[in-house]
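Reading through the structure tokens given below for one structure.
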Amino acid sequence: MKKSLLWLVVLVLAISITAVFSLSSCKTEVAEEEEVAEEEVVAEEVAEEEEVVAEEAYTIAMIVKSTGNPFFEAAQRGGQEAADEFGDTFIFQGPETATVEGQIALIEALIAQEVDGINISANDPQALVPICTRALEAGIKVISWDSAVAPEGRILHVNQADTELIGRVEVQMIAEMINYEGQIAILSATSQATNQNAWIEWMNEELKDPKYANMELVATVYGDDEREKSYNEAIGLFASYPDLKGIISPTTVGIAATARALEDQGLEGQIQLTGLGLPSEMEEYILDGTCQAMALWNPTDLGYMATYVTRLLITGEITGEIGETFEVGSFGERTIVEGNGPEVLLGPPFQFNAENIAEWAAVY
Ligand code: RAM
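Listed below in structure tokens is the structure:
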């Protein structure tokens, strides 16, 4: 009796131990299954997130006045940098020569390609309006920078510096160099360029000040931002105006070509030169005194800002309304202001001379 009782106890114990074990293994299985399920959920979430990130990469095209201009190559570097920051695709294009027809053809192709944004330095403010309007209607965010499209053809314009200030400063600089006396001429880019024409208007305004009474603007000529044409226009000015005392060239291509022409003709010192120049192209002429001083802004920063702002419009972070405030990467806060239509400003222009040119020539 005692023995059978013992067996019974052993049996009951064995059953309960098995039960406990199977229960605990069952629990482990459930836990494992739950873990797997959890892992799957996490994996799904990651996949979803990746998808969202993938959707947030856009295609932004930068169109410049013409290719082969180091000013725009510097802007390209900035644009590429902004696009890389967000994993966007960056397209850089321009016609071979600074024509509006070439730019229209490029925009047509970009509309067909369904890019998300276009930022352009315009060869003509009005002639680009119809094609830019078509791009806007197709849902592409279109802005201009450097040289503006008329307000009806773009959402906003990224201006390098205050237009009035650039125009006035160039007259002030040449006046200093020629002691406020004598004939001056302007050697510009193309005759339709929005930016140069706006600066020239302010130069003419500045020249109305009585302190310039002994200075005379005798000619405004156009080198079309082509090296040889600009060079030949400079030579033409020397020939037509033997008493010429100064030249303002508000284009990086024009000022470098004029400096070269002055040196080739042995006229450095006799005719003073100022304007807007790229330090890397002008260093030698500034150091040897052919051009005592000139101004510009950072074209790489300008290209960066234009591309950055294009993206903010694409994502809807800004809409382009006057008064809107936003951050542009490390540049800090910017506000959309009323210029000729909505505008955003890069910053003040910078003046270069023999003291600081070497430092900047290495940068752009
Ligand atoms: C040329 C171009 C550009 C202008 C500079 C100063 O490279 O015309 O548009 O901003 O000069």
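The sequence shown stops at residue 993 when you use the working numbering, and every number in between is there.
Virtual Cβ for every residue (Gly too), placed ideally from N, Cα, C.
Where the beta strand (DSSP E) through residue 772 begins and ends = Counting along the chain, the beta strand (DSSP E) containing residue 772 begins and ends at 770 to 774.
Measure the C-alpha to C-alpha separation of residue 984 and residue 990 and round it to an integer number of angstroms.
-> Taking C-alpha positions only, residue 984 is separated from residue 990 by approximately 12 Å.
Can you tell me which of 686, 704, 760 puts its alpha carbon nearest to the alpha carbon of residue 992?
-> 704
Nearest residue (CA-CA) to residue 919, options 944, 907, 890 | 890
Residue 884: first and last residue of the uninterrupted alpha helix (DSSP H) it sits in | 881 to 893
Determine the direct distance from the alpha carbon of residue 854 to that of residue 948, and round the result to whole angstroms.
-> 33 Å
State the DSSP-derived secondary structure class of residue 921, mapped to helix, strand or coil.
-> coil
Reference residue 986, options 917, 802, 698, 936, closest by Cα | 917
Could you tell me which residues DSSP puts in a beta bridge with residue 690?
-> 720, 747
For residue 804, collect the residues of the same chain with a Cβ closer than 7 Å to its Cβ; drop the 5 residues on either side in sequence, then sort them by chain order.
-> 841, 844
Residue 981 burial status per 10 Å Cβ neighbour count (16 or more: buried) | buried
For residue 882, which option in 900, 905, 934 has the closest C-alpha, if you only look at C-alpha atoms?
-> 905
8 Å contact criterion, which residue 829 and residue 796 should meet: CB distance rounded = 7 Å
Would you report the Cα separation of residue 763 and residue 790, rounded to the nearest angstrom?
-> 29 Å
First and last residue of the uninterrupted alpha helix (DSSP H) at residue 833 = Residue 833 -> alpha helix (DSSP H) spans 823 to 835.
If you run the structure through DSSP and keep just helix, strand and coil, what is residue 783?
-> coil
Tell me where the beta strand (DSSP E) around residue 851 begins and ends.
-> 844 to 851
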